[in-house]
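Protein sequence lines, in the order shown, are assigned to chains D and C. Position 315 of the first sequence, counted from 1, bears residue number 411 in the numbering used here, the numbering being contiguous throughout. Position 18 of the second sequence, counted from 1, bears residue number 114 in the numbering used here, the numbering being contiguous throughout. Using N, Cα and C, we set each Cβ at its ideal position, and we do this for glycine too. Structure first, commentary second.
There are 2 protein chains.
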Amino acid sequence: MKVAVIGDGGWGSALALTLARNGHAVRIWGPDAAYLADVARTRENPRFLPGVKMEGDLGWSADPESVAGDAEAVVFVVPSQFARATMKRFAGTVAGRGVPALSATKGFEEGTLRRMTELMRDEWGVAAPAALSGPSIAPETARGVPTAVAVASADAGVAAFFQRLFAGETFRVYTGDDVTGVELGGALKNVIALAAGICDGLGYGHNAKAALVTRGAAEIARLGAAMGARAETFAGLSGIGDLMVTCFSPQSRNHTVGERLGKGETLEGILGGMVQVAEGVRTCASALALAKKHGVEVPIVEQVDAVLHGGRDVREAVRRLMGRPARAERDGGAAG
Amino acid sequence: MKVAVIGDGGWGSALALTLARNGHAVRIWGPDAAYLADVARTRENPRFLPGVKMEGDLGWSADPESVAGDAEAVVFVVPSQFARATMKRFAGTVAGRGVPALSATKGFEEGTLRRMTELMRDEWGVAAPAALSGPSIAPETARGVPTAVAVASADAGVAAFFQRLFAGETFRVYTGDDVTGVELGGALKNVIALAAGICDGLGYGHNAKAALVTRGAAEIARLGAAMGARAETFAGLSGIGDLMVTCFSPQSRNHTVGERLGKGETLEGILGGMVQVAEGVRTCASALALAKKHGVEVPIVEQVDAVLHGGRDVREAVRRLMGRPARAERDGGAAG
Numbered sequence: 097m098k099v100a101v102i103g104d105g106g107w108g109s110a111l112a113l114t115l116a117r118n119g120h121a122v123r124i125w126g127p128d129a130a131y132l133a134d135v136a137r138t139r140e141n142p143r144f145l146p147g148v149k150m151e152g153d154l155g156w157s158a159d160p161e162s163v164a165g166d167a168e169a170v171v172f173v174v175p176s177q178f179a180r181a182t183m184k185r186f187a188g189t190v191a192g193r194g195v196p197a198l199s200a201t202k203g204f205e206e207g208t209l210r211r212m213t214e215l216m217r218d219e220w221g222v223a224a225p226a227a228l229s230g231p232s233i234a235p236e237t238a239r240g241v242p243t244a245v246a247v248a249s250a251d252a253g254v255a256a257f258f259q260r261l262f263a264g265e266t267f268r269v270y271t272g273d274d275v276t277g278v279e280l281g282g283a284l285k286n287v288i289a290l291a292a293g294i295c296d297g298l299g300y301g302h303n304a305k306a307a308l309v310t311r312g313a314a315e316i317a318r319l320g321a322a323m324g325a326r327a328e329t330f331a332g333l334s335g336i337g338d339l340m341v342t343c344f345s346p347q348s349r350n351h352t353v354g355e356r357l358g359k360g361e362t363l364e365g366i367l368g369g370m371v372q373v374a375e376g377v378r379t380c381a382s383a384l385a386l387a388k389k390h391g392v393e394v395p396i397v398e399q400v401d402a403v404l405h406g407g408r409d410v411r412e413a414v415r416r417l418m419g420r421p422a423r424a425e426r427d428g429g430a431a432g
Numbered sequence: 097m098k099v100a101v102i103g104d105g106g107w108g109s110a111l112a113l114t115l116a117r118n119g120h121a122v123r124i125w126g127p128d129a130a131y132l133a134d135v136a137r138t139r140e141n142p143r144f145l146p147g148v149k150m151e152g153d154l155g156w157s158a159d160p161e162s163v164a165g166d167a168e169a170v171v172f173v174v175p176s177q178f179a180r181a182t183m184k185r186f187a188g189t190v191a192g193r194g195v196p197a198l199s200a201t202k203g204f205e206e207g208t209l210r211r212m213t214e215l216m217r218d219e220w221g222v223a224a225p226a227a228l229s230g231p232s233i234a235p236e237t238a239r240g241v242p243t244a245v246a247v248a249s250a251d252a253g254v255a256a257f258f259q260r261l262f263a264g265e266t267f268r269v270y271t272g273d274d275v276t277g278v279e280l281g282g283a284l285k286n287v288i289a290l291a292a293g294i295c296d297g298l299g300y301g302h303n304a305k306a307a308l309v310t311r312g313a314a315e316i317a318r319l320g321a322a323m324g325a326r327a328e329t330f331a332g333l334s335g336i337g338d339l340m341v342t343c344f345s346p347q348s349r350n351h352t353v354g355e356r357l358g359k360g361e362t363l364e365g366i367l368g369g370m371v372q373v374a375e376g377v378r379t380c381a382s383a384l385a386l387a388k389k390h391g392v393e394v395p396i397v398e399q400v401d402a403v404l405h406g407g408r409d410v411r412e413a414v415r416r417l418m419g420r421p422a423r424a425e426r427d428g429g430a431a432g
């Protein structure tokens, strides 16, 4: 099958490799034609997925028409801040064609607070877009290390279509219909990972981090419930599964940013030296806005936002989190 | 307040230190009088908590009467296989006195499958025993690194009593009434940690381990539900909180045993060289028996049991887990 992967970052490249392993003809879009020509020549993506040989029926182009013009499936995996603009570039080749479309991007559109599958409706008129998320460090998936993810769509046929498309020996796909839950889990875990990284950077131990991440899971589930997602989704791969790998694996970018903040570096200094996007930095403000809109308490998101955008000292932020009065766990104490 | 801590292992010693920090007079019981005399003299517990200075109002004795005779609270933290026999030794000093009693032991009694607080009822006639569990690597807690745990009792007054007793600057206690849930989470996570360790020992990555642990969390919650525990307990500190630290921290004994199994060592060889108990090895058989009794599917527990006690090769066990047909997540696929 001909598949368009819109996005040449680490996760986009890992998903493209997964599809190529299944025998599909994959065309990858990126914004930088000169860079893509190098990738196509060397079969390596040194900027976003260094050290991985890009083998299989793969092609690269910065031209939407040659990537998606005849695609039978579209996989969207561009950082959220470029999402709508990129979708607009693909409107002529994708919109109204009824081609199955899936988002693997994590985050919200700033300002509108819309999820990526909502942008697919806005820009491409996709009736039942799918979302893919789960514990998936890109280099592991790219190397064929076993990975399991969730794919959700309001249309069970669309979810099953993408399950067949992606599933293979080392890539397991579980289907569901809770698109909101899958997208929220994927986006919000990056904010909790920033907090977990801060905790590590300050030299706290695993006990404190586990307590923080447990509260983070409750925070995500609470906001999700207010937004119509199902609690069981947050208990699954795209919820706690992704959360634990992002908060406990040293390979997570968001965790790394948090860790460097915890060690006293400035956000500007950290981001200035990074090639790839740490989505959590951007997601944090949107998550806080969503929580306000839905009247949900999100103390961890609040403290991370105060550190990122309000100049709050990391020690003071952690003190405020730890210093909350001890309560019964089910009243929103530890699990809240 | 005078507190008896029955058990001189790593976790018992860490809890004793936590109590001493709060100004309590703590007496610790262990089975080996000569060893305890050394601990009392050197103020170190090299066998179970090496490198930590045991400071505060602490005393050690192998005599039940001098440890618990005038205790106003009893903390029980002896490995599960010695639990009932040890309780019997304390029957004369504790039973029928109405003294508040808490279990911090993780596991079941083999054969009867009874939980530790149930043994406290059996042997001491404690009406409303408490259970304490949560993400708590003993050396971290002992060193005063921030830790948060759950304490549950059917009697809210008892839970609040132990919350006041333990809570301090670096030790947070959240109360609840789901004793079954807290004890199950604490016991069963050790079995999942063995599986996570096997995964690591075989060289699988973080993606696969996170997927496994997510399924493990669902397995624990499913068995818990059948046994009358509440789902929300497993979403809290004593559930996923403890599970993630045990499966992702390199300091967990059960994880280490699993990792060495994954690398090809035999169970006999591993356990022969260990001073401390890896509770998961013993808990596994009990967990499987409980699952059968309650008619609950526990594929991870089954495979760990087959490796530990059925001679199954670790690769074959993992293959059987990974090889289950892909399903919808909520039908017991990834989250099941």
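Cβ-Cβ separation, Leu111/D to Val173/D (assumed contact under 8 Å), whole Å
Right, their Cβ atoms sit about 6 Å apart.
Determine, using beta carbons only, whether Pro242/D comes closer than 8 Å to chain C.
Chain C places a beta carbon closer than 8 Å to that of Pro242/D, counting this residue as a contact.
Which word fits Pro225/C, buried or exposed, when buried means at least 16 other C-beta atoms lie within 10 angstroms of its C-beta?
Buried, since its Cβ has 16 or more Cβ neighbours within 10 Å.
Spatial distance of Val275/C from Leu384/C (CA atoms)
Taken atom to atom, the span from the alpha-carbon of Val275/C to that of Leu384/C is near 20 Å.
Against chain D, does Gly358/C count as a neighbour if the rule is that its beta carbon must be under 8 Å from one of theirs?
Chain D, which has no Cβ nearer than 8 Å to the Cβ of Gly358/C, makes this no.
First through last residue of the alpha helix (DSSP H) which encompasses Tyr131/D
Residues Ala129 to Thr138.
Could you tell me whether the Cβ atoms of Leu290/D and Asn350/D are closer together than 8 Å?
Taking 8 Å as the cut-off, the beta carbon of Leu290/D is found closer than this to the beta carbon of Asn350/D.
Which of helix, strand or coil does DSSP assign to Asn141/D?
For Asn141/D, the three-state secondary structure derived from DSSP is strand.
Under 7 Å by beta carbon: chain D residues contacting Tyr300/C
Within chain D, the residues near Tyr300/C are Val241 and Pro242.
Just to confirm the assignment, what range does the alpha helix (DSSP H) spanning Gly376/D have?
For Gly376/D, the enclosing alpha helix (DSSP H) starts and ends at Glu375 to His390.
With respect to the alpha helix (DSSP H) encompassing Phe186/C, which residues constitute its N-terminal and C-terminal limits?
It spans Ala179 to Val190 - the alpha helix (DSSP H) in which Phe186/C sits, taken as one unbroken run.
Please classify Arg211/C: does DSSP put it in a helix, a strand, or coil?
Three-state DSSP puts Arg211/C in a strand.
Would you say Ala200/D and Leu154/D are within 8 Å of each other, going by their C-beta atoms?
No, the Cβ-Cβ distance between Ala200/D and Leu154/D is not below 8 Å.
Where the beta strand (DSSP E) through Ile294/C begins and ends:
Per DSSP, Ile294/C belongs to no beta strand (DSSP E); it is in the alpha helix (DSSP H), Val275 to Gly297.
Which residues bound the beta strand (DSSP E) around Ile102/D?
For Ile102/D, the enclosing beta strand (DSSP E) has its first and last residue at Lys98 to Ile102.
Looking at chain C, is there any beta carbon in it that lies within less than 8 Å of the beta carbon of Ser199/D?
False, the Cβ-Cβ gap to chain C never drops below 8 Å.
If I'm right that Ile233/D touches Val171/D with Cβ under 8 Å, what's the distance once you round it to whole angstroms?
The Cβ separation is near 18 Å, so there is no contact.
Less than 8 Å separating the beta-carbons of Ala244/C and Arg268/C?
Inclusion of Ala244/C and Arg268/C in the CB contact set at 8 Å is warranted, their separation being smaller than that value.
Please list, in chain order, all residues of the same chain as Met340/C whose beta carbon is under 8 Å from its beta carbon, the five residues on each side excluded.
In chain order, Pro231 and Val309 place their CB closer than 8 Å to the CB of Met340/C, counting only its own chain and leaving out the 5 sequence neighbours on each side.
Is there a C-beta anywhere in chain D that falls below 8 Å from the one on Met370/C?
Judged by the 8 Å Cβ criterion, Met370/C is not in contact with chain D.
Rounded straight-line distance, which links the Cα of Ala136/C to that of Ile336/D
For Ile336/D and Ala136/C, the distance between alpha carbons rounds to 43 Å.
Within a Cβ cutoff of 6 Å, which residues of the same chain sit near Leu198/C, ignoring the five residues on either side of it in sequence?
The answer, listed in chain order, is Val171, Ala226, Leu228 and Phe258.
Looking at chain D, is there any beta carbon in it that lies within less than 8 Å of the beta carbon of Gly281/C?
For Gly281/C, the answer is no, since every Cβ of chain D falls outside 8 Å of its Cβ.
Quick check on the DSSP output: the alpha helix (DSSP H) that includes Val403/C runs from which residue to which?
Val403/C -> alpha helix (DSSP H) spans Pro395 to His405.
Are the C-beta of Thr208/D and some C-beta of chain C separated by less than 8 Å?
The beta-carbon of Thr208/D is placed no less than 8 Å from the nearest beta-carbon of chain C.
If you run the structure through DSSP and keep just helix, strand and coil, what is Ile316/C?
Residue state, collapsed to three classes: helix.
Which whole-angstrom value is the C-beta distance of Gly188/C and Trp156/C, which I expect to be below 8 Å?
Taking a contact as a CB-CB distance under 8 Å, the pair Gly188/C and Trp156/C does not count as one, their CB atoms being some 20 Å apart.
Looking at the unbroken alpha helix (DSSP H) that takes in Thr352/C, where does it start and where does it end?
From DSSP, the alpha helix (DSSP H) with Thr352/C extends over Arg349 to Gly358.
Taking Cβ positions only, does Gly429/C come closer than 8 Å to chain D?
For Gly429/C, the predicted structure reports a pLDDT of 47, less than 50, and the residue's modelled location is therefore unreliable. A value from the coordinates is still provided. With 8 Å as the cut-off, Gly429/C counts as an interface residue toward chain D.
Run of the beta strand (DSSP E) containing Phe204/D, from where it starts to where it stops
It is not in any beta strand (DSSP E) - Phe204/D carries neither H nor E in the DSSP assignment.
Ser162/D to Val287/D, Cα distance in whole Å?
Computed Cα separation, rounded: 36 Å.
Pairwise C-alpha distance: Pro395/C and Gly432/C:
Because Gly432/C sits at a pLDDT of 36, beneath the cut-off of 50, its placement in the model cannot be relied upon, and the point is left open.
Contact set between the segment 284–314 of chain C and chain D, restricted to residues whose Cβ is under 8 Å from the partner:
Answer set for the segment 284–314 of chain C: Tyr300, Gly301, His302, Asn303, Ala304, Lys305, Ala306, Ala307, Val309, Thr310, Ala313 and Ala314.
Between Leu333/D and chain E, is there a C-beta pair that is closer than 8 Å?
The question asks about chain E, but that chain is absent: this structure's protein chains are D and C.
Closer than 7 Å by beta-carbon distance: list the chain D residues that pair up with Glu236/C, in chain order.
What Glu236/C touches in chain D: Gly301, His302 and Asn303.
Name the one or two DSSP bridge partners that Phe267/D has.
DSSP, once it has assigned bridges, lists Thr243/D and Gly264/D as partnering Phe267/D.
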